[in-house]
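Top to bottom, those sequences are chains A and B.
Just so we're on the same page, my numbering is the position in the first sequence counted from 1, plus 973.
Just so we're on the same page, my numbering is the position in the second sequence counted from 1, plus 10.
Ideal placement from N, C-alpha and C gives every residue a C-beta, glycine not left out.
Remember, predicted model here, so these are calculated numbers, not experimental data.
The structure appears below as structure tokens.
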Amino acid sequence: MSDQVPSRVLVLWFPDWPLRAALGPLPHPPVAVVHANRVLACSPAAREHGVRIGQRRREAQGLLPSLRLLPADPARDERGFLPPLRAIETEAPGVQMLRPGLAVLRARGIARYHGGEEAAARALLTHLTAAGYPEARIGVADGPFTAELAARGAPPAPSAEDTDRPDPEDTADASAYRIVPPGAAAAFLAPLPVQVLQDPEIASLLIRLGVRTLGDLAALPVLDVRDRFGIRGARLHALARGADSRPVTARSPDPELAAEIEFESPLAQSDQIAFAVRRTADEVTLSLATASLVCTEVRIDLTDDDGEVFSRAWLHPTCFEAADLVDRVRWQLESLAATSPTADMPSGIASSSARDRPFRGIVRVRLAPIAVDDAAHHQPGLFGSAGDERLHHAVSRVQTLLGHEGVVMGALTGGRLLADRQQLTPWGERVVPARDPDLPWPGHLPAPLPAEVFVPPRAITVRAADGGEIRIDERGRLSAPPGLVDGSPVTAWAGPWPVRDRRGDGDGVRGDRLQLVDVQQRAWLVLHAEHAWWAEGRYH
Amino acid sequence: MGITLRTVDPGESTRAGEILRLRQEITRMQRRRSDLPLIPVHPALAPLFPDGGLQVGTTYALSSSPGLVAALLAAPSRNGSWTAAVGMPTLGLEALAGHGADLARLILVPEPGDRWLTVTSALSEVVPLIAVRPGSRLRDAEASRLSARLRDRGCTLLLVSSAPWPQSEGSIRVHDPRWHGLGEGWGLLEGCDVTVTAQTRRSPVPRSVRVRLPGALGTMESGIREAWTGEGGSAESGTVRLATTETGRAQLLAAAEEGTAAEAMPFPRLKAVV
């Protein structure tokens, strides 16, 4: 083990990463991330008041009552670490995440490129500062363990904790990096306390044995340490000697998935654009296929000749294929055509061609996959499991025919009016109920419910038997019993029941409901609101 | 169970019986798939159909009753199969869910316009039960192409239309509704008693049940205690059904039951059944 010479690595350390991931760029107010009643990370402002990592929550709150506490969320930390990893990747490929806030890469390549480890570290820091991560520290040493300690021990840039930040050049020069020369790892580690081994159990035992520093530990014979502490102890012993054998496995960079096409002259007709986009869509699916990925969510950016970008994300229940992408481009163009103002159109264009070219022209289409998944999850099954796939293909065909909104799935939502209690979501989109259907919603109808619901409610005539108007006063009294509904005599009725729906900004619905059965035994649910009668639904 | 009207059995008239037997033989031989031979219906409606469910790969003409559509879609949907409703923008989803339909397995195409036929044939590839309100009339050639496709794919079509459908397996009508629970300014709708009458090629004599659609819980309920007296229009609506199918096949059918069904719908016998 001692013969192995660890390779030179460069460790990038982002101090207090959980805070950075949760709160964004520095400076942070006094905040602590807490897990299981212990402080996991705290901002410099909190540290000034004596809050320390590992403290109990109550103790930290006692030191600083205004301390804001955040729950720990490892997933968020990891997600948040992706952008800095990408930023590092643009400067030096082959970066590996040790844990959120700590990245490692082999020092050899980048040092050679920049002509020295120091120059490389400085270049990386400048780059990260420009990318918005001025707090990053770098340690270069033999093996990730030593390098991490070097990074942590790198003298903090004197201005790093100040609010007024010097310009990027200065931060990089303020030696936010530390380089331990090859072979000097043991000497660098020797004065450090054993606690840095991150193994509290063995560390406390070592301290009780009188082994207080890594130098003390490294001085012990390997075999004795192994006899006393087992494999784990031997590994810690190796670390203390500066012989960290952990290899660096590089993260493969993200493949370039997005593709775009530019048109020499702006295209206005959706068919033209869809035809032209076909090849780009093929490119996207091909690059996905090469990476063994499939795309489940895509963003389509349409740039018109004024430079305005129309962007929309599209979901797919299974995964996008080239034809699906083309469809989505077409639907987006159609919805664009439907919403764009027709005022600035040349007056000579007839209404039929107006439908085809109300937007003035698209010069660029960009297809960018947002969510990708492993292609292995989407292989069609050999037996049996292909049912949903077939279903999806057939329904997508209908959707291609009728447009995105043409095929919908229904869902129940909360509400008082019948029309509010159901919602339609285009096929393939995520169903998000607008209002929680499980809340009580006082005033909604009991079963049985009308088999026909008019969305929006349809105007209907309800009159007294003599043909006179019916009014409902403030106390909910009818001026006359209903005698005619939709032209036919009423045989039975009940109500009125008040409906008060103050959704949103106060201009909700304030009306009264009646159930009516007419001579033809049709049962109506009518609503009297704003001095008019509306049919909400018909029971049969 | 509701009241079943069974006025003729196949043995009663030898000629009609022979035709029926042959027709059943044809249906048996035409069947393409061995799995799922029937689309389940609500138990209250089972007596209407000779096999206790809807035939796969056929078309049924429905009277314009969203409640009936909901009840027929709900039964297979609660068994986990996909269903679709084409051209019905006003279908009450909450009522449909009340019948037990799974909205997550219901495909809605509210406004197909003139392309309802294309949409229906595309969906028939994958959805075993589709309710359609046609937006336009169909030529005979198109109708027979659709029928062939339905038979091939094993998809059952519920056609909500007042116009007769030339090649339908049968018709299901809802008539004589009577609402309960509402008075002169008091009460709350509790349910509606309706008569559902079905007439299929395999049992050309209309069969009827009196059910509550919808019942007080929003579902279909059977077992109405109230004696049905067959007031006024019932007898007519029972026989008129034969007159609505006008194509050659229906005429053959009418010829087969000549003298048995058309005139002699013996409502006195119905009384006896009660």
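query                                                                                                                         : result
CB contact below 7 Å: Leu148/B versus chain A                                                                                 : no
Whole-angstrom distance between Glu1378/A and Leu48/B, CA atom to CA atom                                                     : 32 Å
Straight-line Cα distance separating Leu1190/A from Val1167/A                                                                 : 8 Å
Classification of Ile1204/A by the beta-carbon crowding that lies within 10 angstroms, buried from 16 upward                  : exposed
Burial state of Arg235/B (16 or more Cβ within 10 Å)                                                                          : In this prediction, Arg235/B has a pLDDT of 44, which is less than 50 and means its spatial position is unreliable; what the coordinates show is noted afterwards. Arg235/B should be labelled exposed.
Min CB distance Pro174/B to chain A below 7 Å                                                                                 : no
Contained beta strand (DSSP E) runs [length at least 3] in the stretch 1259–1284 of chain A, N- to C-terminal order           : 1266–1277
Span of the beta strand (DSSP E) around His1501/A                                                                             : Ala1496 to Ala1502
Three-way DSSP call (helix, strand, coil) for Thr1373/A in this model                                                         : helix
Where Ala1093/A sits in the DSSP three-state scheme                                                                           : helix
Boundaries (first-last residue) of the beta strand (DSSP E) holding Val1458/A                                                 : Pro1455 to Val1458
Straight-line Cα distance separating Gln1069/A from Ser959/A                                                                  : This structure cannot speak to residue 959/A, because chain A is shown only from 974 to 1513.
C-beta neighbour in chain A for Ala80/B, strict 7 Å                                                                           : yes
Residue from His1417/A, Leu1391/A, Glu1447/A and Val1404/A whose Cα sits closest to the Cα of Val1428/A                       : Leu1391/A
Residue of Leu1457/A, Glu1503/A and Ala1407/A minimising C-alpha distance to Gly1440/A                                        : Leu1457/A
Proximal residues to Arg1568/A (C-beta, below 7 Å), its chain only, five neighbours per side dropped                          : Examination of residue 1568/A is not possible in this model, given that chain A is present from 974 through 1513 alone.
Any C-beta of chain B under 7 Å from that of Leu1422/A                                                                        : yes
Pair within 7 Å by beta-carbon distance, Gly201/B and His190/B                                                                : yes
Under 7 Å between C-beta atoms of Leu83/B and Ala208/B                                                                        : no
Val18/B in three-state terms, based on DSSP                                                                                   : With a pLDDT of 48 at Val18/B, under the threshold of 50, the predicted position of this residue should be treated as unreliable, though the coordinate-derived value follows. Note: Val18/B maps to coil in three-state DSSP.
Contact set between the stretch 124–136 of chain B and chain A, restricted to residues whose Cβ is under 7 Å from the partner : Arg125, Thr128, Val129, Ala132, Leu133, Glu135 and Val136
Beta carbon proximity, Leu1179/A to chain B, threshold 7 Å                                                                    : no
Proximity below 7 Å, CB of His1513/A to CB of Ala1496/A                                                                       : yes
DSSP state of Pro1469/A mapped onto helix, strand, coil                                                                       : strand
Thr1434/A classed as buried or exposed, judged by whether at least 16 other C-beta atoms fall within 10 angstroms             : exposed
Rounded straight-line distance, which links the Cα of Ser1243/A to that of Ile1152/A                                          : 59 Å
Proximal chain B residues relative to Arg1389/A, where beta-carbon distance stays under 7 Å                                   : The premise fails here: Arg1389/A is roughly 12 Å from chain B at the closest Cβ pair, so nothing lies under 7 Å.
Where Ser213/B sits in the DSSP three-state scheme                                                                            : strand
Contacts that His1513/A makes with chain B (C-beta to C-beta distance below 7 Å)                                              : Ser75, Gly77, Pro187 and Cys202
Nonlocal neighbours in the same chain, by C-beta distance under 6 Å from Ala1341/A, ignoring five residues either side        : Ala1231 and Arg1272
Own chain residues within Cβ distance below 8 Å of Ala282/B, not counting five before or after                                : Unreliable positioning characterises Ala282/B in this predicted model, as indicated by a pLDDT of 34, which lies under 50. A coordinate reading is not provided.
Buried or exposed (CB count within 10 angstroms, at least 16 for buried), Asp1300/A                                           : buried
Buried versus exposed, by CB contacts within 10 Å (16 or more), Arg1389/A                                                     : buried
The stretch 138–148 of chain B touching the stretch 88–95 of chain B, judged by at least three CB pairs closer than 8 Å       : yes
Members of the stretch 1445–1460 of chain A near chain B, C-beta cut-off 7 Å                                                  : Pro1454
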